[in-house]
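First comes the structure, then the notes that go with it.
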Ligand SMILES: [Zn+2]
């Protein structure tokens, strides 16, 4: 496998807080690490905690490592 070190295009996943609607861009690499290490419920995408209000942040649009597509609409 070839890895291009000069690759600068970093994909980001937009997370939105369900409580206060704060938006945060999280590098997809980070999301994937959490997704893979989360060996519990594969139905759930990795969640992050809102730094503003402590509420749950969920992805606006994200396809997980298991091929499951999540959108914010799943939570509203
Ligand atoms: Zn919040």
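Residue numbers (this note's numbering): 85 to 160.
Cβ coordinates follow ideal geometry from the N, Cα and C atoms, glycine included.
1. Is the beta carbon of residue 134 sitting closer than 8 angstroms to the one on residue 106?
2. Might you give, ordered along the chain, the residues of its own chain that have their beta carbon closer than 8 angstroms to the beta carbon of residue 139, omitting 5 neighbours on each side?
3. Under 7 angstroms from any heavy atom of ligand 1, does the C-beta of residue 144 make it?
4. Apply the 10 Å Cβ neighbour rule to residue 111 and answer buried if 16 or more other Cβ atoms are within range, or exposed otherwise.
5. Have a look at 118, 109 and 108 and flag the residue whose alpha-carbon is nearest the alpha-carbon of residue 148.
6. Would you grab the beta carbon distance between residue 115 and residue 146 for me? Rounded to a whole angstrom, and I think it's under 8 angstroms.
7. Check whether the Cβ atoms of residue 128 and residue 98 lie closer than 8 angstroms to each other.
From the atom records:
1. yes
2. 101, 102, 103, 104 and 133
3. no
4. exposed
5. 118
6. 7 angstroms
7. no
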